[in-house]
Amino acid sequence: MIQLTVDPPLLGLELFNEFKLLSRLFEAVNAKVYRIRSRLNELNKLCFCWTIVWRKNIILLVDPSKLEHPA
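Those letters in the sequence shown? Residues 6 to 76, per my numbering, in order.
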């Protein structure tokens, strides 16, 4: 059998306070995760744009030994 060392009303208050504390903690964590995801999204857009520019400006190097030489 479990014995409570705290009166039930006080236990309820302690649980409520713990819940409020955890709620604030989760809000802070969610805000940080949101900021990180936003920054990663911006970085992804930047990398995608850079890749498009890079592909437009790419120089193809051809191995001369693979070219057909006129006989």
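C-beta atoms are modelled at their ideal positions from N, C-alpha and C, and glycine is treated no differently. This structure is a prediction, so every number in the text was calculated from the model and none was measured.
For Lys50, there are no CB contacts under 7 angstroms within the same chain when 5 residues up- and downstream are skipped.
When rounded, the separation of the alpha-carbon atoms in Asn46 and Ala33 is 20 angstroms. One alpha carbon belongs to Arg42, the other to Leu26, and they sit about 24 angstroms apart.
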